[in-house]
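Going by the working numbering, the sequence shown opens with residue 24, and the numbers climb by one from there. Ideal Cβ placement from N, Cα and C applies to all residues, glycine included. Please read the structure below before turning to the comments.
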Amino acid sequence: MTSADEFKQAMRHLAGGVAIIATEHEGSRAGLAATAVCSVSADPPTILICINSGASAHEPIHKSGCFSVNLLASGHDDMARRFSGETGVKGEERFATGQWAPLVTGAPVLESALAGFDCRVTEVVTMSTHTVFFGTVVGIVTKAAARPLIYAHGTYGTFSPEGAGLWW
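Quick look at the structure:
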């Protein structure tokens, strides 16, 4: 059987767009950086996120029944590190950087994100150490075109949609 460490090392080869998943529950905001985000359906618009059950934002998302997905742009590296826990910043203090505002559900949306999706949880599936939250999109904001922030091999980079290649 494959070990968790072997699996993690192999998965580092899968580049993914970086998002901040955020929620608000009983007056407190919680959030984390993630690459485990996927579109599920366009009709109705639905997104899924996979959150480790030990993550500080897990229970607030579960209890609030809502979350936002904020797609980060190149230049958001510091914010990604802040929300990943890499800098030691926790809880509400993570939101001290950037401008955040709620859309429909009350979940905070990052104004400088490439796109922000405001979602209501419609289904929850527990899978081993993680929970998959499915959310119907009830609000969207987008920003003018910019390069997306990508994570692979333990580092952040970007690529140009114009076809100029990858930058790490």
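Residue range 100–107 is occupied by the alpha helix (DSSP H) that includes R104, with no beta strand (DSSP E) assigned at that position.
Of all C-beta pairs linking the segment 139–158 to the segment 97–106, fewer than three are shorter than 8 Å, placing the two stretches out of contact.
Of the residues assessed, S87 falls on the buried side of the cut-off, its CB having 16 or more other CB atoms within 10 angstroms. Nearest neighbour of D66 by Cα position, chosen from F118, T178, V161, turns out to be V161.
Taking Q122 as reference, the option from G108, G111, M102, T128 with the minimal CA-CA separation is M102. According to the DSSP secondary-structure assignment, D141 is paired through a beta bridge with S91, G162.
Its Cα nearest to that of A33, the residue A175 stands out among A175, F106, N93.
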